Each structure stands twice: as C-alpha cells, then as structure tokens.
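Data first, discussion second: the structure below is written as structure tokens.
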Amino acid sequence: MGSAPAGTGADMVRAALRIPHGALLRILSLDGGGVRGYSMLIILQEIMHRTYVEIEGKAPRRDQIPKPADHFDLIIGTGTGG
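Under the UniProt record's numbering, the first residue of the sequence shown is numbered 1, with each subsequent residue one higher.
Written out as structure tokens, the structure reads:
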C-alpha cells in the first residue's frame, strides 16, 4: 500500500494544483442550501461583474463576465452552494 503524502492539507492542495509554495491559495467556499445558497450565487455574480468593471473600466457584455474559476484556485461548498 502507498502512503499518503506528508504535509498539511494546504500543502496537498498546492501540490495537486501546482501552486508554488509561498503563493497564496484563493479559496471560495459556498455553504448552505435553499435561498441562502441562491443568494450567495447572486452576490458572487455581482462581485464578478464589479471585478470586470474595476479591471477593464467598463461594463462587460454578458459573455465577458469573469467566471469564479478565473479568480479562485479552489471552489468548494455544501448544499445548494456546493
């Protein structure tokens, strides 16, 4: 049997995602179900829209709105948020 990799959970995530040691991990956690989960998704959509406006200086077309995966290394959650 092989042994599990040594180190912290963060070290294992860095290795799996090929993120250099010392670089910050950007983790998005969406937890909860029902209307709370839906509310988080609406808020996240607005954050992505505002991120584009801040970077580009103009409102995005619908196909230009950044995806959360463009800004986060790991996206996790439970319920509707997951």
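Just so you know, even glycine gets a beta-carbon here, dropped at the ideal spot from N, CA and C. Please read these numbers as outputs of a predicted model, since none were measured by experiment.
request  = Identify whether threonine 78 lies in helix, strand or coil by the three-state DSSP scheme.
outcome  = strand
query = What residue ranges within the UniProt domain "PNPLA" (28-82) form continuous alpha helix (DSSP H) runs of no fewer than 4 residues, ordered along the chain?
reply = 34-56
ask   = Pick from Gly34, Leu41, Pro20 and Ala16: whose alpha carbon is nearest that of leucine 28?
value = Leu41
Opening and closing residue of the alpha helix (DSSP H) in which glycine 22 lies = Counting along the chain, glycine 22 falls outside any alpha helix (DSSP H), and DSSP gives it neither H nor E.
query = Is the beta carbon of proline 20 sitting closer than 8 Å to the one on leucine 44?
reply = Not in contact: proline 20 and leucine 44 (Cβ atoms no closer than 8 Å).
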